[in-house]
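In our numbering, the protein residues as written are 23 to 99. Glycine is no exception: its CB is placed at the ideal position from the N, C-alpha and C atoms. For reference, the structure is listed below as structure tokens.
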């Protein structure tokens, strides 16, 4: 991604997401990796704070919500 809103637009000029899917028995394990490229060294502490205190919770919430939705889906069991 190269277009950002809110807090990130002043700190980041590139973000790359990577989803890894791995079969585990009848289910699928999903891991999500995200990398941000800071616009400058000066914003690194601010970006690190954002990732640790905001982004990480968003990411966990998204993955948990996805898991709950898939657990309810008869075709994903």
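- Burial of residue 34 is indicated by the presence of at least 16 other C-beta atoms within 10 angstroms of its C-beta.
- Counting C-beta pairs with one atom in each stretch, the stretch 37–52 and the stretch 62–82 have fewer than three that are closer than 8 Å, which means they do not touch.
- Here the C-alpha atom of residue 81 lies approximately 15 Å from the C-alpha atom of residue 70.
- The Cβ-Cβ distance between residue 58 and residue 29 does not fall below 7 Å.
- A straight line joining the alpha-carbon of residue 89 with that of residue 32 spans about 32 Å.
- Where residue 53 is concerned, the enclosing beta strand (DSSP E) starts and stops at 49–60.
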